[in-house]
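Below is one structure; the comments refer to it alone.
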Amino acid sequence: MNRPWVHAEELLPYFSRYTNAENLAKALRDVFPNLAKLEEIAIERGIPILDAFQGAKIGAFTVLAPSKSGFHQYVVDDDKTPQAAQDSAMGRSLLEGAVRIVGEGLRMIQAAWGAEVFPVDDTSPRNNMSVVQYANFMGENVVLTADTGRAGLAEAAAYAPSVGLDLPADKLRLIQVPHHGSRHNVSTEILNLWLGEVGEETQETRSNAIVSAGKEDQDHPRKIVVRAFMHRGASVLETKGAKTCFSGGAAPARQGWVSSTPLTYPSGYEE
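Numbering of the sequence shown is given in my numbering, commencing with residue 653 and proceeding in unit increments.
In structure tokens form, the structure reads like this:
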């Protein structure tokens with residue numbers, strides 16, 4: 653678990669309102685209350701808390717993103733953290749400025765195979781703090797993305813070859829579609845990095861992409877996101893409140909479980 657306040661000493665130069673790390677740490681705990689509560693629970697139960705930065709191991713998984721420096725940048729740029737110094741020397745190369753909020757249009761645009769248009773803006777810095785993980789099980793590649801956005805996925809893609817994941821991937825047994833399938837978390841360029849460029853409509857399915865979305869969530873996954881993954885040879889599935897199991901090899905079938913039906917190709921996307 654990555655805790656912003658643990659890095660208060662290193663972050664202090666970028667927060668002009670604070671003169672000591674202790675006060676900054678307290679302020680950071682206040683704006684990340686869920687993380688702070690989770691930390692308290694772990695300490696009460698004697699559970700060790702380890703950083704989850706690029707290169708760290710979590711069981712069979714390796715963390716691809718965020719790097720420590722990337723995490724620091726997201727903390728500085730988060731809209732709920734104390735105002736950072738305007739002359740921050742950390743730069744804005746990862747996020748290219750503050751995230752703007754745009755209205756979510758609901759009008760559908762009919763489009764032929766291959767057409768995809770994403771919003772200009774990345775998701776929030778806070779979402780980009782999410783941990784991106786990779787593992788290979790018996791030759792099958794698995795990528796978990798949580799709520800990360802374009803910056804996090806770009807950082808993860810740059811690091812992936814160093815742990816044996818060559819990109820764009822010819823095949824992924826499972827890739828999680830970030831943040832319930834929000835259109836601000838991926839883009840044409842990012843998906844080209846991970847899965848390659850748009851293919852023919854008749855291409856074979858090479859990867860499985862799964863969207864974790866609530867049963868009553870009618871807004872996710874966004875159709876533009878579903879289209880974009882399918883354009884690159886992915887079969888897209890959604891949980892919608894159901895448990896989903898991926899198995900293979902000699903693993904026996906689970907009693908009472910049925911095959912999941914992939915989503916059909918959307919004929920249009922949200923304006």
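The C-beta atom is built at its ideal place from N, Cα and C for all residues, glycine as well.
For clarity, every value in this text was computed on a predicted model and none was experimentally measured.
Relative to GLU890, the option among TRP846, VAL829 and ILE842 whose CA is nearest is VAL829. In terms of Cβ geometry, MET653 and ALA712 do not form a close pair [threshold 9 Å]. In this structure ALA717 is not in contact with GLU662, their Cβ atoms being roughly 18 Å apart against a cut-off of 8 Å.
Fewer than three beta-carbon pairs drawn from the segment 687-700 and the segment 787-803 are found closer than 8 Å, and the two stretches are therefore not classed as touching.
Taking 9 Å as the cut-off, the beta carbon of VAL728 is found closer than this to the beta carbon of PHE667.
With the rule of 3 Cβ pairs closer than 8 Å, the segment 908-920 counts as touching the segment 873-880. Secondary structure of SER859 (DSSP, three-state): strand.
Around the beta carbon of ASP822, fewer than 16 other beta carbons lie within 10 angstroms, which makes this residue exposed.
Here LYS867 carries a coil assignment [DSSP, helix/strand/coil]. THR857 counts as exposed, since fewer than 16 other beta carbons sit within 10 angstroms of its beta carbon.
Remark: C-beta atoms of GLY900 and GLU868 do not approach each other more closely than 9 Å. In the displayed model, LYS689 falls within a helix according to three-state DSSP. Shown here, GLU922 sits in a strand according to DSSP, grouped into three states. Closest by C-alpha distance to GLU841, out of HIS883, SER814 and ARG825, is HIS883. A Cβ-Cβ separation of about 6 Å places ALA865 in contact with GLY833 under the 8 Å criterion. Residue environment: PRO656 is assigned as buried (16 or more neighbouring CB atoms within 10 Å of its CB, all protein chains considered).
Within the same chain, LEU805, ALA806, ALA809, LEU819 and PRO820 come within 8 Å of LEU845 by CB-CB distance, once the 5 residues on both sides are set aside. DSSP places ASN793 in the uninterrupted beta strand (DSSP E) bounded by 792-796. If you check the CB distance, VAL784 and THR797 come in under 9 Å.
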